[in-house]
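Chemist:
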Amino acid sequence: MHKESAIREPLILGHKTYHDITEDVCRSIEGKAPKAWYIMLGIAMLVGLYGVGCICYLLGTGIGTWGLNKTVEWAWDITNFVWWVGIGHAGTLISAVLLLFRQRWRMAINRSAEAMTIFAVFMAGLFPLIHMGRLWVGYWVMPIPNQFGSLWVNFNSPLLWDVFAISTYLSVSLVFWYIGLIPDFATIRDRAKSPVAKKAYSILSFGWSGRAKHWNRFEIVSLVLAGLATPLVFSVHSIVSFDFATSVIPGWHTTIFPPYFVAGAVFSGFAMVQTLLLILRKGMKLEAYIHTKHVEYMNIVIMVTGSIVGVAYLTELFISWYSGVEYESYAFINRATGPYWWAYWSMMTCNVISPQLMWIRKLRRSLLFTFFISIVVNIGMWFERFVIIVTSIHRDYLPSAWSMFYPTWVDIGIFIGTLGLFFSFYLLFARYFPVLAISELKTILKISGESYKNGTAPGHNDHH
Amino acid sequence: MADRVIYATYDDDETLKNSAKKLVSGGVHISDVFSPFPIHGIDPIIGVKHTRLGIAAFMLGITGLALAVLGFKLIMIDDWPMNIGGKPNFTLLENYPAFVPISFEFTVLFAAHGMALLYLFRNKTLPGMPADNPYPRTTDDRFVMEIRLSENHGMSASEIHTKIKETSVIEIEEKDYVVIK
Chain Y
1494 MHKESAIREP LILGHKTYHD ITEDVCRSIE GKAPKAWYIM LGIAMLVGLY
1544 GVGCICYLLG TGIGTWGLNK TVEWAWDITN FVWWVGIGHA GTLISAVLLL
1594 FRQRWRMAIN RSAEAMTIFA VFMAGLFPLI HMGRLWVGYW VMPIPNQFGS
1644 LWVNFNSPLL WDVFAISTYL SVSLVFWYIG LIPDFATIRD RAKSPVAKKA
1694 YSILSFGWSG RAKHWNRFEI VSLVLAGLAT PLVFSVHSIV SFDFATSVIP
1744 GWHTTIFPPY FVAGAVFSGF AMVQTLLLIL RKGMKLEAYI HTKHVEYMNI
1794 VIMVTGSIVG VAYLTELFIS WYSGVEYESY AFINRATGPY WWAYWSMMTC
1844 NVISPQLMWI RKLRRSLLFT FFISIVVNIG MWFERFVIIV TSIHRDYLPS
1894 AWSMFYPTWV DIGIFIGTLG LFFSFYLLFA RYFPVLAISE LKTILKISGE
1944 SYKNGTAPGH NDHH
Chain U
-8 MADRVIYATY DDDETLKNSA KKLVSGGVHI SDVFSPFPIH GIDPIIGVKH
42 TRLGIAAFML GITGLALAVL GFKLIMIDDW PMNIGGKPNF TLLENYPAFV
92 PISFEFTVLF AAHGMALLYL FRNKTLPGMP ADNPYPRTTD DRFVMEIRLS
142 ENHGMSASEI HTKIKETSVI EIEEKDYVVI K
């Protein structure tokens, strides 16, 4: 049995038993939902529906309903795509990478973080689909033999690498998440009183019984999936960065993009996890499981990745001068002083200054400060993608082609709509699915539960 | 004669593990253990063999990679090679750097999904399958040993009962063994 140092903060507070863990998580699923949940779901679904309406208008009328033009052919669509994919990466990092590093603090947060990943990647995936214009021939991106001479897709193109990367990432994350959910669905199934709930969770739990051999396979599968998902995090966002890095546009064509994007993704993703978790723990009374220690550790990750992003910004600025390439220098002078200077300075303030505040212990352990900063970081990261995309292409090599971009109501409506859809999915997940990894938490109760650490746990201390 | 089974319920994982050690050293063959979470260290005690799912995942990954390489060759080099941005496309090897990202993703795709499907089939946990844990609390906070008499030829049921009672068991039940899946 693993022993943990007595001076380490416990991960599970209070006098919890195995049964308490089951109860605390299942209570919200089995009981009636609080009124606040219905109100939030209602608003989220309305907003989401508005977004779906905007998407239908876009598909019916055409990409001209967006503010794009010949010069600025990518703007909010790709900004939103990269923003959502970046957010998605934190969930996989928490589940997969922290599993490989044997970090037990991940267990209280991995289930909800992975759910966030899946819903974020769903939202991300919408944008490449709708920005095609002719979504009904979207299957043309697949290498399927056809009657056009067998016209194949271009495997040299990062846009196609993206198709494979995002699909793989979405499907593997979904599988990883679901396999972890199966034993917890079984727990709910075995407690279910209503026949509808019993049937539903029986189907969802696939007949899981908790046999030793099955747990043996479960652990190996979790480990291997974690090992596969970890390089996925790095590769998928590197491939997304290649959409820009493999071009010739000043401000895009730079080798710093892959590590810069990956660090930025983890940065914004962890910030979104903080935002969601701080609300979740209060709303579902899970303060004993998700507390200051988890928030602090996540803030440390935010601080580190935010610093990497800050260093990347400075590197880009330095190289734009040091390279002697006048187009590259202009790209950055334009970012700081051109017509989109307000976006650039928002980005710099939100992304460079806010994570540096985490050096102060009192601030990184403050839940209120964390909630506020996590939203600031996400806004900053949206502006980062906007600045990279729009300020680089609205003024590139040929001044006569320089133009401005302004979003239309369709651009804005679709983005807000994805926020609504995301929160709808998340609220439904919180209501019907176990938001904590019940079986995993039980494995750390004796090692890291408060009552076991201070010796006040009932009995069984003589059986070592 | 139908097979009989004894279910011994414990309320703690450590207790079950120590009891299992005692019973196995006393000559009892424990057929299975039901628990709400994996009990570390139980596998060597009751004789659970290592799973080969990891090896399977590796082989599936190699298959994915092979298929991807074959696909690139047939599609981009043999059938319709095109000069895109001056990237060399005369041989597969020359063009390969451009194919690395998709090679990697395809490998991971096959390894992950293949292994996950194999896992679900081997565990017989599929949509619509029935559960066969003996008591509902085994997914909450109870730990149950399943001892099938057909796997314990050298001992009678009463002998096994006696041995179990020497451990800190909470409840013992003997019934007919019914195979559900």
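For the protein sequence lines, the chains are Y and U, in the order given. One rule links them: number in the numbering used here = place in the first sequence (from 1) + 1493. Under the numbering used here, the second sequence has 1 at position 10, and the numbering climbs by one with no breaks. Note that CB positions come from ideal geometry on N, CA and C, so glycine has one too.
Return the residue from the list U:L100, U:S147 and U:W71 that minimises the CA-CA distance to U:V(-4).
Modeler: Here residue -4 of chain U is taken as the residue at index 5 of the second sequence, counted from 1. Checked all of U:L100, U:S147 and U:W71; the closest Cα to U:V(-4) is U:S147.
Chemist: Quick check on Y:N1709 - is its C-beta less than 9 Å from some C-beta in chain U?
Modeler: Translated into the one-based positions of the first sequence, residue 1709 of chain Y becomes position 216. So, interface residue.
Chemist: Would you say Y:H1957 lies against chain U (beta-carbon separation less than 9 Å)?
Modeler: For this step, residue 1957 of chain Y is matched to residue 464 along the first sequence. Below a pLDDT of 50, predicted positions are generally treated as unreliable, and Y:H1957, at 43, falls in that range; no measurement from the model is reported.
Chemist: Does any residue of chain Y have a CB that is nearer than 9 Å to the CB of U:A57?
Modeler: Within the second sequence, residue 57 of chain U is the residue found at index 66, counting from 1. With 9 Å as the cut-off, U:A57 does not count as an interface residue toward chain Y.
Chemist: Give me, in chain order, the residues of the same chain whose beta-carbon lies closer than 7 Å to that of Y:I1783; leave out the 5 immediate sequence neighbours on both sides.
Modeler: Working through the first sequence from its first residue, we reach residue 1783 of chain Y at position 290. So the qualifying residues of the chain are A1601, I1602, L1770 and R1774.
Chemist: According to DSSP, which residues form a beta bridge with U:E165?
Modeler: Translated into positions along the second sequence, residue 165 of chain U becomes position 174. Looking at the DSSP assignment, U:E165 forms a beta bridge with U:I(-3).
Chemist: Cα-Cα, which of U:D131, U:L140, U:A(-7) and U:E142 is closest to U:Y1?
Modeler: Taking the second sequence and counting its residues from 1, the one referred to as residue 1 of chain U is at position 10. Ranking the options by Cα distance to U:Y1, first place goes to U:D131.
Chemist: Looking only at its chain, what residues have a beta carbon closer than 8 Å to the beta carbon of Y:D1904, apart from the 5 residues adjacent to it on each side?
Modeler: The count along the first sequence starts at 1 and reaches residue 1904 of chain Y at position 411. Once the five neighbours on either side are set aside, the close Cβ partners of Y:D1904 are W1559, G1560, A1568, W1569 and D1570.
Chemist: Could you please give me the residues that DSSP links to U:I138 through a beta bridge?
Modeler: As a working note, residue 138 of chain U is residue 147 in the second sequence. DSSP, once it has assigned bridges, lists U:I(-3) as partnering U:I138.
Chemist: Cβ closer than 8 Å: which chain A residues qualify as neighbours of U:S26?
Modeler: In summary, chain A is missing from the structure at hand, where the protein chains are Y and U.
Chemist: Using 10 angstroms around the beta-carbon of Y:M1874, count the other beta-carbons present and answer buried if the total reaches 16, otherwise exposed.
Modeler: In the first sequence, the residue the question calls residue 1874 of chain Y occupies position 381. Classification of Y:M1874: buried, given that the 10 Å Cβ count is 16 or more.
Chemist: Name the residues in the stretch 1645 to 1658 of chain Y whose C-beta lies less than 7 Å from a C-beta of chain U; which are they?
Modeler: Cβ contacts with chain U: W1645, N1647, F1648, N1649, W1654, F1657 and A1658.
Chemist: Can you pull the DSSP bridge partners for Y:V1665?
Modeler: On the first sequence, residue 1665 of chain Y is found 172 positions in, with the first residue counted as 1. BP columns for Y:V1665 are empty, so no partner.
Chemist: Would you kindly report the start and end of the unbroken beta strand (DSSP E) that includes U:F25?
Modeler: Residue numbering aside, residue 25 of chain U sits at position 34 when the second sequence is read from its first letter. First-last of the beta strand (DSSP E) with U:F25: D23 to F25.
Chemist: May I have the straight-line CA-CA distance separating Y:I1522 from U:H31, to the nearest angstrom?
Modeler: Position 29 of the first sequence, counted from the first residue, corresponds to residue 1522 of chain Y. Position 40 of the second sequence, counted from the first residue, corresponds to residue 31 of chain U. Y:I1522 and U:H31: Cα-Cα distance of roughly 29 Å.
Chemist: List, in chain order, every chain Y residue whose beta-carbon is nearer than 8 Å to that of U:H20.
Modeler: Working through the second sequence from its first residue, we reach residue 20 of chain U at position 29. In chain order: nothing, as chain Y lies at least about 13 Å away.
Chemist: Which chain U residues are close to Y:R1828, counting only those with a beta carbon under 7 Å from its beta carbon?
Modeler: For the purposes of this step, residue 1828 of chain Y is taken as the residue at position 335 of the first sequence. Simply none; closest approach about 27 Å.
Chemist: Could you tell me whether the Cβ of Y:H1953 comes closer than 9 Å to any Cβ of chain U?
Modeler: Walking along the first sequence from the start, residue 1953 of chain Y turns up at place 460. Residue confidence for Y:H1953 is low, a pLDDT of 49 falling below 50, so the modelled location carries little weight; the figure read from the coordinates is stated next. Yes - at least one Cβ of chain U is within 9 Å of the one on Y:H1953.
Chemist: Any C-beta of chain U sitting closer than 9 Å to the C-beta of Y:R1604?
Modeler: Numbered from 1 along the first sequence, position 111 holds the residue referred to as residue 1604 of chain Y. So, not an interface residue.
Chemist: Just the Cα atoms here: how many angstroms apart are Y:V1802 and Y:G1618?
Modeler: One-based indexing of the first sequence puts residue 1802 of chain Y at position 309. One-based indexing of the first sequence puts residue 1618 of chain Y at position 125. Cα-Cα distance, rounded: 24 Å.
Chemist: I'd like to know whether the C-beta of Y:V1668 is nearer than 9 Å to at least one C-beta of chain U.
Modeler: Translated into positions along the first sequence, residue 1668 of chain Y becomes position 175. Y:V1668 counts as touching chain U.
Chemist: According to the neighbour-count rule (16 or more other Cβ atoms, all chains shown, within 10 Å of its Cβ), is Y:H1579 buried or exposed?
Modeler: To locate residue 1579 of chain Y, count along the first sequence from 1; it is residue 86. For the record, residue 1579 of chain Y in the displayed sequence is Gly; it is not His. Buried.
Chemist: When Cβ atoms are compared, which residues of the stretch 82 to 102 of chain U fall closer than 8 Å to chain Y?
Modeler: So the close ones are N86, A89, F90, P92, I93, F95, E96, F97, V99, L100 and A102.
Chemist: Just the C-alpha distance for Y:G1913 and Y:I1556, rounded to the nearest angstrom, thanks.
Modeler: Numbered from its first residue, the first sequence carries residue 1913 of chain Y at position 420. Numbered from its first residue, the first sequence carries residue 1556 of chain Y at position 63. Looking at the two C-alpha atoms, the distance is approximately 22 Å.
Chemist: What three-state label does DSSP hand Y:I1637 in the structure shown?
Modeler: Numbered from 1 along the first sequence, position 144 holds the residue referred to as residue 1637 of chain Y. Y:I1637: coil per DSSP, three-state reduction.
Chemist: May I have the straight-line CA-CA distance separating Y:I1853 from Y:F1862, to the nearest angstrom?
Modeler: On the first sequence, position 360 is the one that residue 1853 of chain Y refers to. On the first sequence, position 369 is the one that residue 1862 of chain Y refers to. Near 11 Å, if we compare the C-alpha coordinates of Y:F1862 and Y:I1853.
Chemist: Does any residue of chain U have a CB that is nearer than 9 Å to the CB of Y:V1665?
Modeler: In the first sequence, the residue the question calls residue 1665 of chain Y occupies position 172. Yes - at least one Cβ of chain U is within 9 Å of the one on Y:V1665.
Chemist: With 9 Å as the threshold, decide whether the Cβ of U:T129 is near any Cβ in chain Y.
Modeler: Counting from 1 along the second sequence, the entry for residue 129 of chain U is found at position 138. Interface residue, yes.
Chemist: Given this structure, state the Cα-to-Cα distance separating Y:G1720 from Y:V1726, to the nearest angstrom.
Modeler: As a first step, residue 1720 of chain Y is located in the first sequence; it is residue number 227 there, counting from the start. As a first step, residue 1726 of chain Y is located in the first sequence; it is residue number 233 there, counting from the start. Y:G1720 and Y:V1726: Cα-Cα distance of roughly 11 Å.
Chemist: Could you check where the alpha helix (DSSP H) with Y:E1566 kicks off and where it finishes?
Modeler: Locating residue 1566 of chain Y in the first sequence gives position 73, where the first residue counts as 1. Per DSSP, Y:E1566 belongs to no alpha helix (DSSP H) and is neither H nor E.
Chemist: Give the interface partners of U:M106 over in chain Y, defined as CB-CB distance under 7 Å, in chain order.
Modeler: The residue labelled residue 106 of chain U in the question sits at position 115 within the second sequence. Chain Y residues near U:M106: V1714 and V1717.
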